[in-house]
Amino acid sequence: MTVYERSVTEQHLPDCASGIQDTQGLPDQRRLPINKVGIKDIRHPVRVKDRTQGEQHTLAHFNAYVDLPQHFKGTHMSRFVEILNEHEREISVMSFRSILEEMRARLEAEQAHLEMTFPYFIMKQAPVSGAESLMDYEVTLRGHMSPEDYEITVGVRVPVTSLCPCSKSISEYGAHNQRSHVDLQVRGRDFVWVEDLVELAEEQASCDLYGVLKRPDEKYVTEHAYENPKFVEDLVRDIARQLEDDDQIIWYTVGAENFESIHNHSAYAQIERDKREPLPDGG
Numbered sequence: 181m182t183v184y185e186r187s188v189t190e191q192h193l194p195d196c197a198s199g200i201q202d203t204q205g206l207p208d209q210r211r212l213p214i215n216k217v218g219i220k221d222i223r224h225p226v227r228v229k230d231r232t233q234g235e236q237h238t239l240a241h242f243n244a245y246v247d248l249p250q251h252f253k254g255t256h257m258s259r260f261v262e263i264l265n266e267h268e269r270e271i272s273v274m275s276f277r278s279i280l281e282e283m284r285a286r287l288e289a290e291q292a293h294l295e296m297t298f299p300y301f302i303m304k305q306a307p308v309s310g311a312e313s314l315m316d317y318e319v320t321l322r323g324h325m326s327p328e329d330y331e332i333t334v335g336v337r338v339p340v341t342s343l344c345p346c347s348k349s350i351s352e353y354g355a356h357n358q359r360s361h362v363d364l365q366v367r368g369r370d371f372v373w374v375e376d377l378v379e380l381a382e383e384q385a386s387c388d389l390y391g392v393l394k395r396p397d398e399k400y401v402t403e404h405a406y407e408n409p410k411f412v413e414d415l416v417r418d419i420a421r422q423l424e425d426d427d428q429i430i431w432y433t434v435g436a437e438n439f440e441s442i443h444n445h446s447a448y449a450q451i452e453r454d455k456r457e458p459l460p461d462g463g
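Residues 181 to 463 (my numbering) make up the sequence shown, in order.
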């Protein structure tokens, strides 16, 4: 019996053991269901898979929600925290499904949503000197479960360099460039490595970023960006083309924001695609 099939006349009277009434479980007369109710921005330590080191420890911010039928006054907020604590530091892409199943069962819900955002660190070598430094990337995992469906989305924000093709074509000396953010979100047929998404975004940018650069490295990245000018439109299209060719990916969004160095505004572009549907031109 689902929560929707429970009688609207069922009263949560004082618990026999504690003598304390379950106020959240009382009936509500406004007849308005709630799509999402739960907790936001709770921090919890986690371990996540690392392609090179096996795993890394980090600190994640969680949002957790369920739906609430029209005939219940409230949900039990403490149960969200209890579920996270019971998993201790074993929370990962692989454990998302079991957490969502627990949320649906213990909160008597049809729909469950879980979001986890955390910094992910990758060691990078400067292109000429080989100097090593850590780069951090913001990663977000989003999971959704209903009786009919389960899906998980992996997202990463990748900072890169972009150089303006127009500026290069019209200027005698140099061209303006800026730091940009590429936001990638994908759903795959199987596990998706964060490192693969980071490398994809960096390879299609004018140049990628580094924590430490010596003088020969700075010369290299300046010239490399100059030889690879990209409009924000070029950046999202080039990344999307790579995702189109990857059979592992079934859905994606790619967005890019250029923090313009000669304007008081940003330039932005985005592509969203469900690869199970044909391209607009039938391709």
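By construction, the Cβ of each residue, glycine as well, lies at the ideal position given by its N, Cα and C atoms. None of the values given here were measured: they were computed from a predicted structure.
query, result
"Given this structure, state the Cα-to-Cα distance separating Ala420 from Val246, to the nearest angstrom.", "32 Å"
"According to DSSP, is Tyr406 helix, strand or coil?", "helix"
"Pick out whichever of Val217, Glu281, Pro339, Asp221 has its Cα sitting closest to the Cα of Lys253.", "Val217"
"Excluding the 5 residues flanking Arg231 on each side, which residues of the same chain have their C-beta closer than 7 Å to its C-beta?", "Trp373, Glu375"
"Taking 6 Å as the limit between beta carbons, can you name the residues of its chain near Cys387, skipping five residues before and five after?", "Thr341, Val401, His404, Ala405"
"Can the beta-carbon of Ala355 be found less than 8 Å from the beta-carbon of Leu343?", "yes"
"Using the Cα positions of Tyr448 and Pro458, report the straight-line distance between them to the nearest angstrom.", "25 Å"
"Taking all protein chains shown into account, do 16 or more other C-beta atoms lie within 10 angstroms of the C-beta of Arg284, making it buried, or fewer, making it exposed?", "buried"
"Would you report the Cα separation of Pro345 and His251, rounded to the nearest angstrom?", "59 Å"
"Going by other Cβ atoms of all chains shown within 10 Å of its Cβ, with 16 needed for buried, is Gln428 buried or exposed?", "exposed"
"Determine the burial state of Phe260: buried for a count of at least 16 other Cβ atoms within 10 Å of its Cβ, exposed for fewer.", "buried"
"On the three-state DSSP scale, how would you describe Met257?", "helix"
"At what residues does the alpha helix (DSSP H) containing Ala436 begin and finish?", "First-last for Ala436: 429-439, but that is the beta strand (DSSP E), not the alpha helix (DSSP H)."
"Where does Arg449 fall in DSSP's three states?", "Note that residue 449 is Ala in the sequence shown here, rather than Arg. Three-state DSSP puts Ala449 in a strand."
"Indicate whether Ala289 and Val392 have their beta-carbon atoms separated by less than 8 Å.", "no"
"Please look up how many angstroms separate the CB atoms of Val226 and Phe298, rounded, as I've assumed it's under 8 Å.", "6 Å"
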